[in-house]
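Student: Numbering (the working numbering), first residue to last: 6 to 626. Positions of the beta carbon are idealized from the N, C-alpha and C atoms, including for glycine. The structure presented is a predicted model; accordingly, all values stated were derived computationally and were not measured.
(1) Under 8 angstroms between the Cβ atoms of residue 46 and residue 54?
(2) If we ignore side chains and look at the alpha-carbon of each, how far apart do residue 598 and residue 568 end up?
(3) With H, G and I counted as helix, E and B as strand and the rest as coil, what does DSSP make of residue 387?
(4) If you run the structure through DSSP and keep just helix, strand and coil, what is residue 211?
(5) Can you tell me whether residue 494 is helix, strand or coil according to DSSP?
(6) Taking contact to mean 3 or more Cβ pairs, one atom from each stretch, closer than 8 angstroms, check whether the segment 303–320 and the segment 348–367 are in contact.
(7) If residue 287 and residue 305 are in contact, beta carbons under 8 angstroms, what's the gap, nearest whole angstrom?
(8) At what residues does the alpha helix (DSSP H) containing residue 121 begin and finish?
(9) Buried or exposed, going by whether 16 or more other CB atoms sit within 10 Å of the CB of residue 619?
(10) DSSP three-state call for residue 536: helix, strand or coil?
(11) From what residue to what residue does the alpha helix (DSSP H) around residue 592 run?
(12) Considering only the alpha carbon of each residue, which of 173, 66 and 71 lies closest to residue 42?
(13) Compute the beta-carbon to beta-carbon distance between residue 201 and residue 183, rounded to the nearest angstrom, for a pair I have assumed lies under 8 angstroms.
(14) Quick test of your reading: residue 432 and residue 409, contact by CB under 8 angstroms. State the CB separation rounded to the nearest angstrom.
(15) May I ask which residues mark the beginning and end of the alpha helix (DSSP H) holding residue 608?
(16) Assuming residue 105 and residue 81 form a contact by the criterion Cβ under 8 angstroms, report the distance between their Cβ atoms to the nearest whole angstrom.
(17) Tell me whether residue 74 is buried or exposed, calling it buried when 16 or more other Cβ atoms sit within 10 Å of its Cβ.
(18) Please state whether DSSP places residue 489 in a helix, a strand or coil.
(19) Does DSSP classify residue 184 as helix, strand or coil?
(20) Scan the segment 371–435 and note each continuous beta strand (DSSP E) run of 3 residues or more that stays entirely inside, going in chain order.
(21) Ignore the nearest five residues each way along the sequence and tell me which others in residue 478's own chain have a CB closer than 8 angstroms to its CB.
(22) What residue range does the alpha helix (DSSP H) around residue 629 cover?
(23) Once DSSP output is grouped into helix, strand and coil, what is the label at residue 581?
(24) Just to confirm, is the Cβ distance from residue 327 to residue 578 under 8 angstroms?
(25) Can you tell me whether residue 382 is buried or exposed, with buried defined as 16 or more other CB within 10 angstroms of its CB?
(26) In whole angstroms, what is the alpha-carbon distance linking residue 108 and residue 156?
(27) Is the separation between the beta-carbon of residue 606 and that of residue 593 shorter than 8 angstroms?
(28) Note down, in chain order, each residue of its chain lying with its Cβ closer than 8 angstroms to the Cβ of residue 528, except the 5 sequence neighbours on either side.
(29) Between the beta-carbon of residue 451 and the beta-carbon of residue 426, is there less than 8 angstroms?
(30) Given a cut-off of 8 angstroms on the beta-carbon distance, is the pair residue 461 and residue 470 in contact?
(31) Measuring only the C-alpha atoms, how far is residue 536 from residue 377?
(32) Is it buried or exposed, residue 616, if we count other Cβ atoms within 10 angstroms and call 16 or more buried?
(33) To the nearest angstrom, report how far apart residue 454 and residue 517 are at their CA atoms.
(34) For residue 612 and residue 488, what's the separation of their Cα atoms in angstroms?
(35) Taking a contact to mean a Cβ-Cβ separation below 8 angstroms, would you say residue 206 touches residue 238 in this structure?
(36) Would you mind giving the Cβ-Cβ distance between residue 189 and residue 230, rounded to the nearest angstrom? I have them listed as a contact below 8 angstroms.
Here it is as structure tokens:
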């Protein structure tokens, strides 16, 4: 008898397996029909599956989605009601029924369903959340706010759904309410301070919100001083750096978290080129911090040194429209005026770095300080013997591998600056043609500055062919390759002689021997007037003279190439000299207008057009 019972059970289970497999096959068939847009037959299959198995959730969802997608609200309502008869605890379907009524313009019926849900089904926070997002999705603000109020009372949580409500208001640009909810959140859950800060800063992208944010946060600091950290971040983001500094001072330096915040603030100011203020912040920190951690002290002193260093007048180009190969890393270099040791920012920098070495001779900062001193000595003072000593001292200070690599690169850089181009090669020569980085560019400099144009072209040929066009140096290298080929390979003997003089001038510029470079460029113009490179050499000369404040000479030289392919650059430079250095905006506009009328293919057309409108408006006022 027992054996017979087992057989019967086995047959039953086997039959169930068969039914399950058949329904799976039917479901898959219906999905395929949907994909082929055979909707009617798909519906029939789903309906049959549900008839045989009222609890088949996948078929229920697919059928509901079809009805909803086709706006067949009547069928959708009947389906959900039928489903709920068999699945009365499916809360999401109950809410979905209200959604269907709402979508079919039966708003009152929808609200009744949701109200019934609110009365009978709000058993925990999850059910509150389901209903909250249903109200939010359909813009039922009053019901949503009432629900949150009830939840805050029931669970005794003033911050209940504060994040959800704040984000909802923010998405609807109801910023005052959004701000209040973020403040409620951090008053009750301080761990969300960073989150609230980030969201409020997003809100500040709209400048019309600045007064609201400023006034609301200031008022909130009376109740909760922690809001000052948001206020300081807001002032920083909106460029109100002194106000941000003031808030940092009010917060104080009371623990390691505050120390980290101060150092980050000071470092960020330095990166924003707010060097004077960053120096003030570093000094304030050093005078008021109560946690003499050697690492913190070292970081502050090093940051202060970098801020002093940034004050050294390494003049960036004054020109807006005419720039020397903009965005090309090969030619990227700040213009550096001649310096002497009496230059105040330079003297402050050197004195500060020397004081760090005296105060902390064995700290982690030692190697970095020696390294930075070497950079200053090589690039600015052209003291290559002193730079070499500093780099060797850096290597002796037990630096990490990253700093060792930087030091070796700087040694190569120093050799480039001193004119030892052949010797510098070994510091940059790539092991393979595939590993293209900053060192690759420096290697090309060491070769080109030797006037070895042919080897440079061969090297470029080998790497460009293998390089992905998305590589960050692909366009730079291609631009350099085109410059070499079009002005040297395709040229006459005279063109090639002029081109070598041109790169000799570039080498001199790189070594800060600006006047020697000018002499070379003038030689190209006078002795190789018809060379392919001459218009470009002339433009280079005009830019250099502008940087040296020789504006009349620069203006004349710029206009000497207005009949070349560089006409737009010629006119733009003449315009900029008149506008920025002669104070003659009217003359500048004339040159700018010539670009619009005479250079239809120039890349400068749009920025020049916008600039003309701005200048003209200023002249009217």
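Tutor: So, from the data block:
(1) For the purposes of this step, residue 46 is identified with residue 41 of the chain shown, where counting begins at 1. For the purposes of this step, residue 54 is identified with residue 49 of the chain shown, where counting begins at 1. The answer is no: Cβ separation not under 8 angstroms.
(2) Here residue 598 corresponds to residue number 593 of the chain shown, with the count starting at 1. Here residue 568 corresponds to residue number 563 of the chain shown, with the count starting at 1. In this model, residue 598 and residue 568 are separated by some 16 angstroms (Cα to Cα).
(3) One-based indexing of the chain shown puts residue 387 at position 382. Coil, per DSSP.
(4) Here residue 211 refers to the residue found at position 206 of the chain shown. Note: residue 211 maps to coil in three-state DSSP.
(5) Taking the first residue of the chain shown as position 1, residue 494 is located at position 489. It is helical.
(6) yes
(7) Here residue 287 corresponds to residue number 282 of the chain shown, with the count starting at 1. Here residue 305 corresponds to residue number 300 of the chain shown, with the count starting at 1. The Cβ separation is near 6 angstroms, so the contact holds.
(8) Here the question's residue 121 lines up with position 116 in the chain shown. Where residue 121 is concerned, the enclosing alpha helix (DSSP H) stretches over 112–125.
(9) To locate residue 619, count along the chain shown from 1; it is residue 614. Classification of residue 619: exposed, given that the 10 Å Cβ count is below 16.
(10) Counting from 1 along the chain shown, the entry for residue 536 is found at position 531. Here residue 536 sits in coil by DSSP.
(11) Residue 592 sits at position 587 when you count from the first residue of the chain shown. Per DSSP, residue 592 belongs to the alpha helix (DSSP H) from 590–603.
(12) Numbered from 1 along the chain shown, position 37 holds the residue referred to as residue 42. Ranking the options by Cα distance to residue 42, first place goes to 71.
(13) Taking the chain shown and counting its residues from 1, one reaches residue 201 at position 196. Taking the chain shown and counting its residues from 1, one reaches residue 183 at position 178. Their Cβ separation, rounded to whole angstroms, is 10 angstroms, which puts residue 201 and residue 183 out of contact at 8 angstroms.
(14) Within the chain shown, the letter at position 427 stands for residue 432. Within the chain shown, the letter at position 404 stands for residue 409. So it is not a contact: roughly 13 angstroms between Cβ atoms.
(15) Working through the chain shown from its first residue, we reach residue 608 at position 603. Unbroken run through residue 608: none, as it is neither H nor E.
(16) Walking along the chain shown from the start, residue 105 turns up at place 100. Walking along the chain shown from the start, residue 81 turns up at place 76. So it is a contact: roughly 5 angstroms between Cβ atoms.
(17) Mapped onto the chain shown, residue 74 falls at position 69. Flag for residue 74 reads exposed.
(18) What you label residue 489 is simply residue 484 of the chain shown in a count that begins at 1. Note: residue 489 maps to helix in three-state DSSP.
(19) Stepping through the chain shown from its first residue, residue 184 is reached at position 179. It is helical.
(20) none
(21) Stepping through the chain shown from its first residue, residue 478 is reached at position 473. Excluding residues within five positions, the ones whose Cβ falls inside 8 angstroms are 334, 441, 442, 445, 446 and 472.
(22) The question about residue 629 has no answer here: the residues shown for the chain are numbered 6 through 626.
(23) The residue labelled residue 581 in the question sits at position 576 within the chain shown. Reduced to three states, the DSSP call for residue 581 is helix.
(24) To locate residue 327, count along the chain shown from 1; it is residue 322. To locate residue 578, count along the chain shown from 1; it is residue 573. Yes, these two residues count as a Cβ contact at 8 angstroms.
(25) Stepping through the chain shown from its first residue, residue 382 is reached at position 377. Residue 382 comes out buried.
(26) Taking the chain shown and counting its residues from 1, one reaches residue 108 at position 103. Taking the chain shown and counting its residues from 1, one reaches residue 156 at position 151. Using only the alpha carbons, I get a separation of about 27 angstroms.
(27) Taking the first residue of the chain shown as 1, we reach residue 606 at position 601. Taking the first residue of the chain shown as 1, we reach residue 593 at position 588. No, they are not a contact pair.
(28) As a first step, residue 528 must be located in the chain shown, where it is residue number 523. Cβ neighbours of residue 528 beyond the five flanking positions: 506.
(29) For the purposes of this step, residue 451 is taken as the residue at position 446 of the chain shown. For the purposes of this step, residue 426 is taken as the residue at position 421 of the chain shown. Cβ distance < 8 angstroms, so residue 451 and residue 426 count as in contact.
(30) Position 456 of the chain shown, counted from the first residue, corresponds to residue 461. Position 465 of the chain shown, counted from the first residue, corresponds to residue 470. Not in contact: residue 461 and residue 470 (Cβ atoms no closer than 8 angstroms).
(31) As a working mapping, residue 536 is identified with position 531 in the chain shown. As a working mapping, residue 377 is identified with position 372 in the chain shown. Their Cα atoms are separated by approximately 42 angstroms.
(32) The residue given as residue 616 occupies position 611 in the chain shown. Buried, because 16 or more other Cβ atoms sit within 10 Å of the Cβ of residue 616.
(33) Along the chain shown, one-based indexing puts residue 454 at 449. Along the chain shown, one-based indexing puts residue 517 at 512. Those two C-alpha atoms are separated by around 14 angstroms.
(34) Looking up residue 612 in the chain shown gives position 607. Looking up residue 488 in the chain shown gives position 483. Straight-line Cα distance between these residues: approximately 25 angstroms.
(35) Taking the first residue of the chain shown as position 1, residue 206 is located at position 201. Taking the first residue of the chain shown as position 1, residue 238 is located at position 233. For residue 206 and residue 238, yes; Cβs fall inside 8 angstroms.
(36) Position 184 of the chain shown holds residue 189. Position 225 of the chain shown holds residue 230. Between residue 230 and residue 189 the Cβ distance is about 16 angstroms, and since that is not below 8 angstroms, they are no contact.
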